[in-house]
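Structure, as structure tokens:
This is how it looks when you write it as structure tokens:
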């Protein structure tokens, strides 16, 4: 049996006092790594160099990140954890697809306005490293699982007997990936928010058609 959204969100990560105290060091390490990946390239950046740039002991680095791949993908991992927490706080009156659209829109706006150059650099270099790609795929699968759970509740179907939540989850996730790729190819003229929300709206229309067809069948 697959879990429901309530079961998943009840186990959403919550930072303790100790974790909050560690957050500053973690952020410093992620920032230092991003700088060095841009300056030296992924292959020539060492864990020791990252720790030195962050002005922390290398043992502190390894307490946060077991390897360079985990460090490279840390921004995506952190975003996934924030999304999981956001699912827990979702207004029960809001459909999951609407919630997802708003979440992605806010995230894309922040990326485009505040982290544009850094994210474009990561998309074109670090996130293409085979070892990092493997970690990124694992995160994608976790998103797909969460999207499937949320959509199953919106569609009022059981994921054990219906393939549609997973199919629609894949469409929503691919809309995100496709929009990001389009934006990365044309950053000067592209609009990440417009591309992503446009793709999501297309999928939501398909979901509405599915709901209408099944309502008619009933």
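Residue numbers (the numbering used here): 116 to 333.
Idealized CB from N, CA, C, for every residue including glycine.
Q. Quick one: any contact between the stretch 231 to 239 and the stretch 157 to 175, if contact means 3 or more CB pairs under 8 Å?
A. no
Q. So, do the stretch 281 to 291 and the stretch 316 to 333 have three or more beta carbon pairs nearer to each other than 8 Å?
A. yes
Q) For residue 180, which residues from the same chain have a beta carbon less than 6 Å from its beta carbon, with the 5 sequence-adjacent residues on both sides left out? A) 186
(Q) At the level of alpha carbons, what is the spacing between residue 213 and residue 269? (A) 10 Å
(Q) Between which two residues does the alpha helix (DSSP H) holding residue 204 run? (A) Unbroken run through residue 204: none, as it is neither H nor E.
Q. Considering only residues of the same chain and omitting the five flanking positions on each side of residue 281, which have a CB-CB separation below 6 Å?
A. 263
Q. How is the alpha helix (DSSP H) around residue 177 delimited, first residue to last?
A. 173 to 179
Q. Between residue 162 and residue 146, what straight-line distance do the alpha-carbon atoms span, to the nearest angstrom?
A. 13 Å
Q. By DSSP, does residue 277 sit in helix, in strand, or in coil?
A. coil
Q) With 16 other CB atoms within 10 Å as the buried threshold, where does residue 274 fall? A) buried
Q) Sorted by chain position, which residues of the same chain lie with C-beta nearer than 8 Å to residue 308's C-beta, five sequence neighbours on each side aside? A) 220, 223, 224 and 227
Q) Short check: CB of residue 257 to CB of residue 195, under 9 Å? A) yes
Q | Contained alpha helix (DSSP H) runs [length at least 4] in the stretch 215 to 282, N- to C-terminal order | A | 231 to 239 and 245 to 270
Q) Which stretch, first to last residue, makes up the alpha helix (DSSP H) that contains residue 167? A) 162 to 169
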